[in-house]
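To convert, note that position 7 of the sequence shown is 7 in our numbering; the numbers rise steadily by one, no gaps.
Every residue, glycine too, gets a C-beta built ideally from N, C-alpha and C.
Please read the structure below before turning to the comments.
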Amino acid sequence: MSKSRKSLSTLWVTCDKCQSAMSQKDTCFHESTCPPSDVKWTHNYIRNNILYSSVDTYCSKELPKNITERDSHEMVFMSQSALELCQIAIGDRVILSFQDVEIVKTAWPTSDKSLTSVCLTKNTMDVNKVSGPVKVRKLKNQPLSAEEITIKYVGRQEPPKITPELQILFKNYNERKIFCIGNRINIPFYGKNLPFKIVNITQGKDNNSSLNTSSKDDLADGLKNMSITERELKFFLSLFTTKWKVIKDEINTAVNKKSKITANDIGGYDKLLNELRDIVDVVLGKCKQILKGFRISKSILLYGLNGVGKTTIANVLFSSYDVKTFSFKASEISTKYLNNENKKISDLFSEAKAEAPSVIFIDDIDTLFTKKGLSDSEKRFLAMLIQEIDDLQESDANTLLLMTTSKLDSIDSSLRRSGRLDREIEIPTPTPNMRCAILKKLISKMPNTFSDDDFNEIAYVTHGFVAADLNVLCSQAGMRAIKRHQDNKLNPYVYVSALDFMGALRTVKPTAMKEISVEVPNVKWSDIGGQKSLKLKLCQAVEWPLKNPDVFIRLGITPPKGLLMYGPPGCSKTMGPELFSKWVGESERAVREVFRKANEVAPSIVFIDEIDAIGGERATGGAANASNNVQERVLAQLLTELDGVTALGNVTLVAATNRPDRIDKALLRPGRLDRLVYVPLPDADTRGEIFKIKFLKMPVDEISVKIQDLVDLTDGYSGAEIQAVCHEAAMSALQNDINSEVLLSKHFADALKIVKPRTSAKLISLYENFCNNTNNK
């Protein structure tokens, strides 16, 4: 089929047969498809003033002059010559038709793409879910004005509260825009983009006024000139007077109601929830009998480790009350534009008080304010928030303010003072019983073979796990169960077992222990020779309070808070010097942090080696210097932690020193380091047991080497020195014969010449005198 073509310009070519215009490069495709389909086309072309093309992303480095980014989302960018061929002027409204979507945008020229390109901003493409082929034609007639536009929320998260402020945003962001049913819009609100879909549009009553003419001729001419097609009657113009109505999606509402977490969904926090409900009942006016003149505290601050369940507990609390909740995450507030956020927060407090009984929930408040380094805008925002809290406390509104934080010390003190955040309630790291209750709730949702003993065992070995860790642990155990099922083709049922959880424990680490260096030496009582009396004292002071706390309660006594072991040198000197810092206050903070972490993961033991480095006697008179000042501050903080304002709880302090005479007497009084245990040089029986234990791992000639002979030769040796003797004996054997397989008596004789006892009689006398003076033999 022959066709003649004539040039429209140097860039465009028109087909004489179908009158389609196309670029030079598309002529070869057109020859085989003439006339081209208006449903599925293989090349871009213009016919009957309609551009058939495909949508592309507008990615120009610079926006057109006097065009803002927000304006660009309402534009479609085409080549200047394509606009001319379609008889579209710059700024005209055009209809973009996709497979099942039609939207109206403003035409604007661009030279960044090809002649037939149709470009939209990425935001526009994402909002309207458009891609692929597109038809572009001019909107020839004025759209009808919309009296009311009905929309529904189509986001994945919980629908927002429709506030007067949000209603104003609907009007401001959509004024003079043209819509049809099915179009989508995005409304920026508190750092989020809220997606909505138009489900209905009501026509304005004054749309037909233009037809009310007194002359029949004028009416006839008007009808003749009007070319409104049936397709274009569905487009409506949004005015500032247009009402916006938001309807709830019944399916989404049902899902949201079903997904609300309740007290039955979590375990381990019943006592805490009851305490919170007692406060909330009073604030929300549930308690009818209120003491006259009683000032109701309307604010609560929940604090605890990340993942411990602060937000979950808050949501459980809210679900048990039929009140309106106004919530936002502090982390979603832009710190760069805090001045713009002031009105939003102020309006939120005002609306909450107007809608009382209500709850204001601010999550992660520590992300907004810290103790130091506030900028001017942050200071103004803080002052505004403080004023709103003060106004709330003084108002008669039954409105509760609930905040959460994982960094209590980082919150500005002006927020935490009495009269504002009155109640600070800690969400503790779960105890074994709490972990057991949480695990039962989580595991009950999965097919399992757990017994009560299995629950107790998993709860016991998950020391330091918070609720989020236990949730991850269950997920990992489930993955292992699925993998096990895939390997076992004979069993068609998938279930989780205690073994799956034990395997998952290798990969899931406890949040509460991430910042703590935990050292658990693999040393048993059986690995330590002799010292039976000493072992008993240590068991009484450390093991009994941790393993059998009920015994002390039954007898009405308090377990020892601390234990001091003193004796000859031989222990490593590590922790004490690490607590010192040249910065004022940093050393005390280090002590405080050690005990705070220990309290979070209680029951626990804090071990301080060489405690005389930080607990030495305080200087008197004018002998104090900078070093002594630091030591005294650290000692004062240590004493505060032992018996100060904050109870130590289930934490035991174990300290060691080789100079007990240098320790401040205040640290040694009852109630602090309660038990003083003298660790003397090993006696003959103890030395014999030490050699027996060492020889279990060493190839010793039993005929040549007599343990009793070694015991007699090592009088005055410490345990570390006896171990050194064994080590030197092995080195002597290797020196004589590198292939040596057994240790002889001569090797030990050589070792005893090298290793000599280093504890002087004077030092022994010091320890014995100290022991006699403290009456703690």
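Asked: Based on DSSP bridge pairs, tell me the residues matched to Tyr678.; Found: Tyr566
Asked: Quick check on the DSSP output: the alpha helix (DSSP H) that includes Cys771 runs from which residue to which?; Found: 761 to 774
Asked: Just confirm the distance between the C-beta atoms of Leu401 and Lys298, as a whole number of angstroms; I'd bet it's less than 8 angstroms.; Found: 6 angstroms
Asked: Beta carbon of Asn200, beta carbon of Thr262: below 8 angstroms?; Found: no
Asked: Report yes if the C-beta distance between Leu676 and Gly716 is below 8 angstroms; otherwise report no.; Found: no
Asked: Under the assumption that Phe595 contacts Val651 (Cβ atoms under 8 angstroms), give the Cβ distance between them as a whole number of angstroms.; Found: 7 angstroms
Asked: Can you tell me the Cα-Cα spacing of Met125 and Ala82, whole angstroms?; Found: 21 angstroms
Asked: Could you tell me the alpha carbon to alpha carbon distance between Glu424 and Pro195, rounded to whole angstroms?; Found: 37 angstroms
Asked: For Tyr153, is the classification buried or exposed, using 16 other Cβ atoms within 10 angstroms of its Cβ as the cut-off for buried?; Found: buried
Asked: With distances taken between CB atoms, is the gap from Ile178 to Phe240 smaller than 8 angstroms?; Found: no
Asked: Given this structure, state the Cα-to-Cα distance separating Gly576 from Leu639, to the nearest angstrom.; Found: Caution is warranted here: a pLDDT of 38 is assigned to Gly576, below 50, making its placement in the model unreliable, and the coordinate value is therefore given only provisionally. For Gly576 and Leu639, the distance between alpha carbons rounds to 15 angstroms.
Asked: For Thr57, which residues of its own chain have a beta-carbon under 6 angstroms away from its beta-carbon, when the five flanking residues on both sides are left out?; Found: Lys122
Asked: How would you call Tyr269, buried or exposed, if buried means at least 16 neighbouring beta carbons within 10 angstroms?; Found: buried
Asked: Roughly how far, in whole angstroms, is the beta-carbon of Phe691 from the beta-carbon of Ile707, given that I think they are within contact range, below 8 angstroms?; Found: 5 angstroms
Asked: Among Lys113, Ser117, Lys245, which has the Cα closest to the Cα of Phe170?; Found: Lys245
Asked: Please look up how many angstroms separate the CB atoms of Leu115 and Ser60, rounded, as I've assumed it's under 8 angstroms.; Found: Wrong, their Cβ atoms sit about 16 angstroms apart, outside the cutoff.
Asked: Cα separation between Glu275 and Ile427?; Found: 12 angstroms
Asked: Using the beta-carbon count (16 or more within 10 Å), is Thr507 buried or exposed?; Found: exposed
Asked: Helix, strand or coil, according to DSSP, for Ala733 in the structure here?; Found: helix
Asked: Confirm the yes/no value for this check: CB of Leu11, any heavy atom of the ligand SAH, distance under 7 angstroms.; Found: Here there are no bound small molecules, and the ligand SAH is not part of this structure.
Asked: Using the three-state DSSP reduction, which class does Tyr52 fall into: helix, strand or coil?; Found: strand
Asked: Is it true that the CB of Ala666 sits closer than 8 angstroms to the CB of Met806?; Found: In this structure the chain extends from 1 to 777, so residue 806 is not present and cannot be described.
Asked: In the DSSP assignment, what are the bridge partners of Gln393?; Found: None; Gln393 has no bridge partner.
Asked: For the beta strand (DSSP E) that contains Tyr45, what are its first and last residues?; Found: 45 to 47
Asked: In three-state DSSP terms, what is Asn448?; Found: strand
Asked: Based on the DSSP output, what are the partners of Pro778 in its beta bridges?; Found: Given a span of 1 to 777 for the chain in the structure shown, any question on residue 778 remains unanswerable.
Asked: Here's a check: name, in chain order, each residue in its chain whose Cβ is nearer than 6 angstroms to the Cβ of Asp281, leaving out the five neighbours to either side.; Found: Cys287
Asked: Between Leu536 and Leu273, what straight-line distance do the alpha-carbon atoms span, to the nearest angstrom?; Found: 42 angstroms
Asked: Kindly indicate which three-state DSSP category Thr106 falls into: helix, strand or coil?; Found: strand
Asked: List in chain order: all unbroken alpha helix (DSSP H) runs of 4+ residues lying wholly within the region 676 to 758.; Found: 684 to 695, 707 to 713, 719 to 736, 745 to 754
Asked: If we count the other Cβ atoms within 10 Å of its Cβ and call it buried at 16 or more, is Asn739 buried or exposed?; Found: exposed
Asked: Per DSSP, what are the beta-bridge partners of Ala655 in this structure?; Found: Leu564, Ile608
Asked: What three-state label does DSSP hand Leu166 in the structure shown?; Found: helix
Asked: Which first and last residues belong to the alpha helix (DSSP H) in which Lys329 is found?; Found: Taken as a continuous stretch (DSSP letters only), Lys329 belongs to no alpha helix (DSSP H), being part of the beta strand (DSSP E) at 324 to 329.
Asked: Name the one or two DSSP bridge partners that Met22 has.; Found: Val13
Asked: Buried or exposed: which applies to Gly132, given that a residue is buried once 16 or more other Cβ atoms fall within 10 Å of its Cβ?; Found: exposed
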